[in-house]
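Chemist: Would you mind keeping the following structure in view while I ask a few things?
There are 2 protein chains.
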Amino acid sequence: MEAFATRGYNNASLAEISERVGLTQAGVLHYFPSKADLLTGVLDLRDASDLEELGEDRPRGTAFLRHLVDTVRRNTAREGIVRLYAVLSAESVTEGHPAQAFFRSRYEGLRAMLTEALDEARDLGEVPGGLDSATVAASVIAVMDGLQVQWLLAPDTVDMAAAAEQAISRLVGVDLAPRDAV
Amino acid sequence: MEAFATRGYNNASLAEISERVGLTQAGVLHYFPSKADLLTGVLDLRDASDLEELGEDRPRGTAFLRHLVDTVRRNTAREGIVRLYAVLSAESVTEGHPAQAFFRSRYEGLRAMLTEALDEARDLGEVPGGLDSATVAASVIAVMDGLQVQWLLAPDTVDMAAAAEQAISRLVGVDLAPRDAV
DNA sequence: GTCTATATTTGGATAGAC
DNA sequence: GTCTATCCAAATATAGAC
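Sequence lines, in order, name chains A and B. Heads up: the first sequence begins at 17 in this note's numbering, then just goes up one per residue. Heads up: the second sequence begins at 17 in this note's numbering, then just goes up one per residue.
In structure tokens, the structure reads:
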């Protein structure tokens, strides 16, 4: 994970990875027949957004959006995993990249989940109606991704968590700021 | 440009590039002493967003935002350049990447330009006040970037232009849809 | 200005011993 | 399950002729 996050897929080497895990190159390739297999193995390991692991009993409606915002805030302290997904998702659009299928279906899944949550929120009357859930879903995911890159390049200038909270709030039309307990 | 866009920096090879331009490898390295120099040369050539080239007589206030939206729409027909910047901007956050300085300053410049335009729009009364221009600026750039990746992976599913127009409109609090001439 | 030739390093992967 | 040894291909870069 660290190697792919720090150097990207192409520039990370089995030599470095092997050394880090205390094996020889052949030792690593005993478990993962190829470098591409190793990458997909790493990607399948877990999901940066903490979303896939929620399963079917995920929060509904705006509660789900709030969970999103919380995840962004938490990610501020997990630069490594942010870097991993930021680098690899973009790298995956290159020709023949081994993570292409992974990210294609990941985005598809994220959009579907978010679209559903937005529909729930509308049905619950939590957010104003009249907007296309699927389009908003894509935009919400997009801001989070885009802010990650800017934050990685300038962590002291870009307040990723604050910007994400504000942006998502405005995109869906509801204030998602965590209310203080009185 | 095409090589870096299609394969990313690390995976693009001087061999392929040389062949494409009809030179030998040594021939290419005669003009650009190293691969890294070639990359920065390509990046300096022009800017995907068409923004830097606007100079000081750029449109003011919401007119500038409209220009942004138009650019996104135009980019729908320029997959190559979209891919170039999407791939390289993310790749640039990896350790020692030769385009890191370029993208750091590019984002800084874009945020500054957009922040200024948002302040103008507020002073002109074109958009509601009370929002932090710098934060909104970062988010606007972020949606555009994020939508590009999703669009590249699923061009038939993601309507980049429509989503960007809607998202930016909501982020700044004004309808940016191009009005039809009557 | 462009080439050939080559140095040098590094990459991923395989065979087979232990 | 892990290693040594090795293969082979490909990479960037340099030297120097033309």
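Ideal Cβ positions, reconstructed from N, Cα and C, are used throughout, including at glycine.
(1) Would DSSP call A117 (chain A) helix, strand or coil?
(2) Which one of B:P75, B:L168 and B:V109 has the shortest CA to CA distance from R94 (chain B)?
(3) Give the residues from the segment 178-192 of chain A that approach chain B closer than 7 Å (Cβ to any Cβ), ordered along the chain.
(4) What is the residue span of the alpha helix (DSSP H) that M160 (chain B) lies within?
(5) Output yes if chain A places a C-beta closer than 7 Å to the C-beta of A93 (chain B); else output no.
(6) Can you tell me the Cα-Cα spacing of L39 (chain B) and L45 (chain B), whole angstroms?
(7) Quick one: is E132 (chain A) near chain B, going by C-beta distance under 7 Å?
(8) Where does S105 (chain A) land, buried or exposed, given buried means 16+ other C-beta within 10 angstroms?
(9) In angstroms, rounded to a whole number, what distance separates the CA positions of L84 (chain A) and T78 (chain A)?
(10) Going along chain A, which residues have a C-beta under 7 Å from R120 (chain B)?
(11) Give a yes or no on contact between the segment 22-40 of chain B and the segment 180-188 of chain A, applying the rule of three or more CB pairs nearer than 8 Å.
(12) Could you work out which residues of chain B lie near V165 (chain A), taking near to mean beta carbons separated by less than 7 Å?
(13) Please go through the same chain and pick out, in chain order, the residues whose beta-carbon is closer than 8 Å to the beta-carbon of I157 (chain A), but skip the five residues on each side of it.
(14) Under the rule that 16 or more other beta-carbon atoms within 10 Å means buried, what is D73 (chain B), buried or exposed?
(15) Residues of chain B with CB under 8 Å from R89 (chain A), in chain order?
(16) Could you check which residue in A:N91, A:I97 and A:F80 has the C-alpha nearest to that of S58 (chain A)?
(17) Does any C-beta atom of chain B lie closer than 7 Å to the C-beta of T22 (chain A)?
(18) Write down the C-beta distance between L81 (chain A) and A133 (chain A) rounded to the nearest angstrom, noting that I regard them as a contact closer than 8 Å.
(19) Short check: CB of E111 (chain A) to CB of T110 (chain B), under 7 Å?
(20) With a cut-off of 7 Å, does the C-beta of T56 (chain B) fall near any C-beta of chain A?
(21) Taking Cβ positions only, does A31 (chain B) come closer than 7 Å to chain A?
(22) Which same chain residues end up closer than 8 Å to V174 (chain B) when comparing Cβ atoms and leaving out the 5 residues on each side of it in sequence?
(23) Kindly list the residues whose CB is nearer than 7 Å to the CB of A19 (chain A), restricted to its own chain and excluding five residues on each side of it in sequence; keep chain order.
(24) Helix, strand or coil for A180 (chain A), going by three-state DSSP, please let me know.
(25) Tell me whether the beta-carbon of V190 (chain A) lies closer than 7 Å to the beta-carbon of V143 (chain A).
(26) Residue range of the alpha helix (DSSP H) that S105 (chain A) falls in?
(27) To the nearest whole angstrom, what separates the beta carbons of A177 (chain A) and R120 (chain A), a pair I think is in contact under 8 Å?
(28) Would you please state the rounded distance, in angstroms, between the beta carbons of S108 (chain A) and A115 (chain A)? I believe it to be under 8 Å.
Modeler: Working from what's here:
(1) The residue labelled residue 117 (chain A) in the question sits at position 101 within the first sequence. Residue state, collapsed to three classes: helix.
(2) What you label residue 94 (chain B) is simply residue 78 of the second sequence in a count that begins at 1. If we check each option's Cα against that of R94 (chain B), B:L168 comes out closest.
(3) A178, A179, Q182, A183, R186 and L187
(4) Position 144 of the second sequence, counted from the start, is the residue given in the question as residue 160 (chain B). Per DSSP, M160 (chain B) belongs to the alpha helix (DSSP H) from S149 to L169.
(5) Position 77 of the second sequence, counting from 1, holds the residue named residue 93 (chain B). No, its Cβ sits nowhere closer than 7 Å to a Cβ of chain A.
(6) Numbered from 1 along the second sequence, position 23 holds the residue referred to as residue 39 (chain B). Numbered from 1 along the second sequence, position 29 holds the residue referred to as residue 45 (chain B). One C-alpha to the other measures close to 10 Å.
(7) Sequence index remark: in the first sequence, residue 132 (chain A) carries index 116 (1-based). No, E132 (chain A) lies away from the interface with chain B (no Cβ there is under 7 Å from its Cβ).
(8) Residue numbering aside, residue 105 (chain A) sits at position 89 when the first sequence is read from its first letter. Buried, since its Cβ has 16 or more Cβ neighbours within 10 Å.
(9) Looking up residue 84 (chain A) in the first sequence gives position 68. Looking up residue 78 (chain A) in the first sequence gives position 62. In a straight line, the C-alpha of L84 (chain A) is about 10 Å away from that of T78 (chain A).
(10) Start at 1 with the first residue of the second sequence, and residue 120 (chain B) comes out as number 104. Here the neighbours are L169 and A170.
(11) no
(12) As a position in the first sequence, residue 165 (chain A) is number 149, starting the count at 1. Residues of chain B passing the Cβ test: S105, A106, V109 and D161.
(13) The residue labelled residue 157 (chain A) in the question sits at position 141 within the first sequence. Around I157 (chain A): Y123, L126, R127 and L130.
(14) Start at 1 with the first residue of the second sequence, and residue 73 (chain B) comes out as number 57. It is exposed - the Cβ of D73 (chain B) has fewer than 16 other Cβ atoms within 10 Å.
(15) By 1-based counting over the first sequence, the position of residue 89 (chain A) is 73. Neighbours of R89 (chain A) on chain B: none; closest Cβ ~15 Å, over 8 Å.
(16) Within the first sequence, numbered from 1, the residue matching residue 58 (chain A) stands at position 42. For clarity, residue 58 (chain A) is Val in the given sequence; the question names Ser instead. Checking every option, the nearest Cα to that of V58 (chain A) belongs to A:I97.
(17) Within the first sequence, residue 22 (chain A) is the residue found at index 6, counting from 1. So yes, T22 (chain A) belongs to the interface.
(18) Counting from one through the first sequence, the residue named residue 81 (chain A) turns up at place 65. Counting from one through the first sequence, the residue named residue 133 (chain A) turns up at place 117. Going by Cβ atoms, the distance from L81 (chain A) to A133 (chain A) rounds to 7 Å, so yes, they are a contact pair.
(19) Reading the first sequence from its first residue, position 95 is the one you call residue 111 (chain A). Reading the second sequence from its first residue, position 94 is the one you call residue 110 (chain B). Going by C-beta atoms, E111 (chain A) is not nearer than 7 Å to T110 (chain B).
(20) As a first step, residue 56 (chain B) must be located in the second sequence, where it is residue number 40. So no, T56 (chain B) is outside the interface.
(21) Counted from its first residue, the second sequence places residue 31 (chain B) at position 15. So, not an interface residue.
(22) As a working mapping, residue 174 (chain B) is identified with position 158 in the second sequence. Counting only Cβ-Cβ distances below 8 Å, and skipping sequence neighbours, we find L163, Q166 and W167.
(23) Working through the first sequence from its first residue, we reach residue 19 (chain A) at position 3. Counting only Cβ-Cβ distances below 7 Å, and skipping sequence neighbours, we find A28, E32, I33 and R36.
(24) In the first sequence, the residue the question calls residue 180 (chain A) occupies position 164. The answer is helix: DSSP assigns A180 (chain A) an H, G or I state.
(25) Looking up residue 190 (chain A) in the first sequence gives position 174. Looking up residue 143 (chain A) in the first sequence gives position 127. The answer is yes: Cβ separation under 7 Å.
(26) Translated into positions along the first sequence, residue 105 (chain A) becomes position 89. E95 to E107 is the span of the alpha helix (DSSP H), which, as asked, contains S105 (chain A).
(27) Along the first sequence, one-based indexing puts residue 177 (chain A) at 161. Along the first sequence, one-based indexing puts residue 120 (chain A) at 104. The pair is not a contact, with the Cβ atoms about 28 Å apart (cut-off 8 Å).
(28) Along the first sequence, one-based indexing puts residue 108 (chain A) at 92. Along the first sequence, one-based indexing puts residue 115 (chain A) at 99. About 4 Å separates the two Cβ atoms, so the contact holds.
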